[in-house]
Structure formats: C-alpha cells, structure tokens
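Data first, discussion second: the structure below is written as structure tokens.
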Amino acid sequence: MVQTSARLLKVLSLLQSRRFWGGGDLARELGVTERSVRRDVERLRSLGYPVHAAGGVGGGYQLGAGKELPPLPLEDEEAVAVAVGLRVAASGPVKGLEEAAVRALGKLEQVLPKRLRRRVNALQAVSVRLGDTAPRVDAEALAVIAHACRDSELLRFDYSSREGTASARSVEPYRLVHTSSRWYLLAYDLDREGWRTFRVDRIGPRPRTGRSFKARPLPSEDVAAYVSQAVSTEAYRFRARVTVHAPASGVSERLSGVAGRIEELDAERCLVHAGADSLEALAFYFGWLGFEFEVHEPRELIEHLRRLSERLARAAQR
Numbered sequence: 028m029v030q031t032s033a034r035l036l037k038v039l040s041l042l043q044s045r046r047f048w049g050g051g052d053l054a055r056e057l058g059v060t061e062r063s064v065r066r067d068v069e070r071l072r073s074l075g076y077p078v079h080a081a082g083g084v085g086g087g088y089q090l091g092a093g094k095e096l097p098p099l100p101l102e103d104e105e106a107v108a109v110a111v112g113l114r115v116a117a118s119g120p121v122k123g124l125e126e127a128a129v130r131a132l133g134k135l136e137q138v139l140p141k142r143l144r145r146r147v148n149a150l151q152a153v154s155v156r157l158g159d160t161a162p163r164v165d166a167e168a169l170a171v172i173a174h175a176c177r178d179s180e181l182l183r184f185d186y187s188s189r190e191g192t193a194s195a196r197s198v199e200p201y202r203l204v205h206t207s208s209r210w211y212l213l214a215y216d217l218d219r220e221g222w223r224t225f226r227v228d229r230i231g232p233r234p235r236t237g238r239s240f241k242a243r244p245l246p247s248e249d250v251a252a253y254v255s256q257a258v259s260t261e262a263y264r265f266r267a268r269v270t271v272h273a274p275a276s277g278v279s280e281r282l283s284g285v286a287g288r289i290e291e292l293d294a295e296r297c298l299v300h301a302g303a304d305s306l307e308a309l310a311f312y313f314g315w316l317g318f319e320f321e322v323h324e325p326r327e328l329i330e331h332l333r334r335l336s337e338r339l340a341r342a343a344q345r
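Numbering (this note's numbering), first residue to last: 28 to 345.
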C-alpha cells in the first residue's frame, strides 16, 4: 500500500511536468506495466484528479482542469518558491491578495519539512524591505483586465491621468506588462483610434468587459520594449536623447526598464532615451549614472546643466 501510494504521487508529479504522456513512456518512467499505469490513473480519478486518456496508436494521458482544486504535490525547490512568493504577496503591490496569501502561507508552512522551513525562514530573517512608494493595484481589477486580454473582450473603465483628470475609456486590451513596481495595460483606444499604454493603478476599481473583438496586429513584435519606450519618454514633458560613454550592459545595471531605454552604439558607448517632467530630474538622472555623457536633446537640458555646473563649481570653492 505504501509503495502504491508513493507511485500515485510519482504519477501525479509526472503528469504535471509534461502536457502529455504516452502510456508506454509513463510505464517505463515508473518501472511498471501499462496495466498498472491504468489502475493508478483510475485511483487518481477517484481522488478528484481529472486525468484524460486517449486510446489507440499514440494514445496516452493528460492532466486536465477540474471543477475543484485537488492537492498539488510540490518538489522541494517548488515548495520554497511558493512559500517565498506568498510572503511577498502578503505585503506586495497587488491590493486584495494579502489575506489570502497569509492563509495559504499558513497551510503550506504547516506541512513543510523542517529542512525547507529553515530555508524559507532564513531568507525571511535576513531580507529587509525598503519603503515602497509605488501605488498598489487592485487584485480584482487586475484579474478582470487579464481575462479580457486573454479572451479578446472589449474593456471599459474610468481612468485618471497623471494630472488627476478623469475620463471614460473603451479599449481593446491586448497585453499586461509588469515592471518591478508597476503594472501597465497595452490597449487600442477605440475613441482616440490609437494604441495607448495605461497604468493599471490609475484604472477605476470596476472595469467592465464587453463583446469579443477581432484582434488587430500589435504595434510591435517586442511588446515590452514598446511599453518601455512609451512610459520612459513619451509620457513626459521633457524627452532626452543622450550618449553615455559606457558599455550598455553597465548602464543597464543602473537603470530600470521604466526609467529609460538603452540602445548600444559600440562596445564603449550607448544611446539613452529618457523622460521627466522637469529639467532638474533629468539632470539628476544622468549625473547619478556616474558616467561621462553628451546631451543631444533637448536644448533646455544643455543650458540647465551649464548653469548647474557653474553653481556646483562655486559651491566647491567655498
């Protein structure tokens, strides 16, 4: 009985690791006959696991989705990853997940082996969370948006601009893009007849889905790069184009995808596109990088840097 139970867990783990298993392949992996595999599959079904079978040549087994969530056996590394992820979610940027994350974490830690619990607790003990000023996203609204993107359904929502101006939007949603601190929606705005990038934390709490739509070609094959450019430069009053005298890899270590977009020029130089609402912010931004740089535009930034350098030189002489 112990051997059979252990084999059931092994069968379940294998079915979760691959979309489809041939009956013979599964039997060889387990070291049993195909008849034993069939019996194990029936036992899993009796426990509530929806295992689909296909007969004939090329037949086999596939684990499907059921009406209820059955127990999920996890490998050691998977269990640690889930536990750490739940702790992050309990205090993370998505509002509404905290209580559920804490409950799930309690259930998981109750059954974690001692060796794994020590690893999770050690990571938690030495980790320090810096103050995070990024706005939080409503979990329910995020789920509605994700489903609308997946199912190609029209989406209507109230949106607040950077200045706080409210507007009603009707869009075709396509992709959700996540940075270290924010969620963005890439969508085609039907009223404005163009592609737009929306910050999800500025979308109203009750977005509404509508009828299905026929998907149109995306504005770029690289959606992440497209959104990065939109939120790093186009959304701001001042847009800068600057050559930095340092390898692109070194500059990228100092920047996030939202702060700027980097183009490699050669082994020792790269072109950085960035945006800000003030010249002071841009001056600090490039000065903080710690590399020599040359400003191509805007002209106002060059003048501001000249005045700033004179003021700093006077301060250094005092």
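The beta-carbon is built from N, C-alpha and C at its ideal position, and this holds for glycine as well.
Where residue i falls, given that 16 or more other Cβ within 10 Å makes a residue buried
{"i": "Val258", "result": "buried"}
{"i": "Gly50", "result": "buried"}
{"i": "Val138", "result": "exposed"}
{"i": "Glu330", "result": "exposed"}
{"i": "Ala310", "result": "buried"}
{"i": "Arg196", "result": "buried"}
{"i": "Ser247", "result": "exposed"}
{"i": "Leu150", "result": "exposed"}
{"i": "Ser255", "result": "buried"}
{"i": "Glu69", "result": "exposed"}
{"i": "Gly302", "result": "buried"}
{"i": "Asp304", "result": "exposed"}
{"i": "Glu199", "result": "buried"}
{"i": "Ala110", "result": "buried"}
{"i": "Asp228", "result": "buried"}
{"i": "Ala342", "result": "exposed"}
Straight-line gap, residue i to residue j (C-alpha atoms, nearest Å)
{"i": "Met28", "j": "Val278", "result": "Residue confidence is low: Met28 scores 45 on pLDDT, short of 50, so the model does not pin down where it sits. Its coordinate-derived value is still stated next. Each residue's alpha carbon lies about 60 Å from the other."}
{"i": "Trp210", "j": "Asp67", "result": "43 Å"}
{"i": "Leu335", "j": "Arg223", "result": "36 Å"}
{"i": "Asp45", "j": "Arg34", "result": "Reading off the sequence shown, one finds Arg at residue 45, where the question assumed Asp. Taking the straight line from one Cα to the other gives about 17 Å."}
{"i": "Phe240", "j": "Asp216", "result": "13 Å"}
{"i": "Arg189", "j": "Gly237", "result": "26 Å"}
{"i": "Gly75", "j": "Ala92", "result": "10 Å"}
{"i": "Arg183", "j": "Ala214", "result": "11 Å"}
{"i": "Ser179", "j": "Arg243", "result": "10 Å"}
{"i": "Ser63", "j": "Glu104", "result": "29 Å"}
{"i": "Gly133", "j": "Arg345", "result": "60 Å"}
{"i": "Trp48", "j": "Leu135", "result": "29 Å"}
{"i": "Glu220", "j": "Gly112", "result": "39 Å"}
{"i": "Arg226", "j": "Ala131", "result": "29 Å"}
{"i": "Leu181", "j": "Arg146", "result": "45 Å"}
{"i": "Asp165", "j": "Glu321", "result": "41 Å"}
{"i": "Thr60", "j": "Ala251", "result": "48 Å"}
{"i": "Asp293", "j": "Tyr312", "result": "22 Å"}
{"i": "Asp185", "j": "Gly191", "result": "12 Å"}
{"i": "Gly87", "j": "Ser194", "result": "53 Å"}
Nearest-angstrom beta carbon gap, residue j and residue i [assumed within contact, 8 Å]
{"i": "Glu324", "j": "Arg268", "result": "5 Å"}
{"i": "Glu337", "j": "Leu306", "result": "With 8 Å as the limit, Glu337 and Leu306 do not qualify as a contact, their Cβ atoms being about 15 Å apart."}
{"i": "Arg296", "j": "Thr270", "result": "6 Å"}
{"i": "Leu143", "j": "Val115", "result": "So it is not a contact: roughly 17 Å between Cβ atoms."}
{"i": "Glu56", "j": "Leu36", "result": "Contact flag wrong, Cβ pair sits at about 14 Å."}
Start and end residues, alpha helix (DSSP H) containing residue i
{"i": "Phe17", "result": "Nothing about residue 17 can be read from this structure; the chain reaches only from 28 to 345."}
{"i": "Val278", "result": "275–279"}
{"i": "Gly314", "result": "306–316"}
{"i": "Asp16", "result": "Not covered by the structure: residue 16. The range shown for the chain is 28 to 345."}
{"i": "Leu339", "result": "326–344"}
{"i": "Val64", "result": "61–73"}
{"i": "Ala54", "result": "50–57"}
Boundaries of the beta strand (DSSP E) in which residue i is found, first to last residue
{"i": "Ser20", "result": "Past the boundaries of the shown model lies residue 20; the chain is included only from 28 to 345, so the question cannot be answered."}
{"i": "Asp216", "result": "210–216"}
{"i": "Leu90", "result": "87–90"}
{"i": "Gly221", "result": "221–226"}
{"i": "Ala257", "result": "Premise fails: Ala257 is in no beta strand (DSSP E) and is neither H nor E."}
{"i": "Leu298", "result": "296–303"}
{"i": "Ile289", "result": "288–293"}
{"i": "Gly237", "result": "235–239"}
{"i": "Ala81", "result": "78–81"}
Any non-hydrogen atom of the ligand PLP closer than 7 Å to residue i Cβ
{"i": "Arg345", "result": "With respect to small molecules bound, the structure shown includes none, and the ligand PLP cannot be examined in it."}
Query raised in the report: Are three or more beta carbon pairs between the segment 164–174 and the segment 202–220 nearer than 8 Å?
Result: Contact between the segment 164–174 and the segment 202–220 is present, with at least three C-beta pairs closer than 8 Å.
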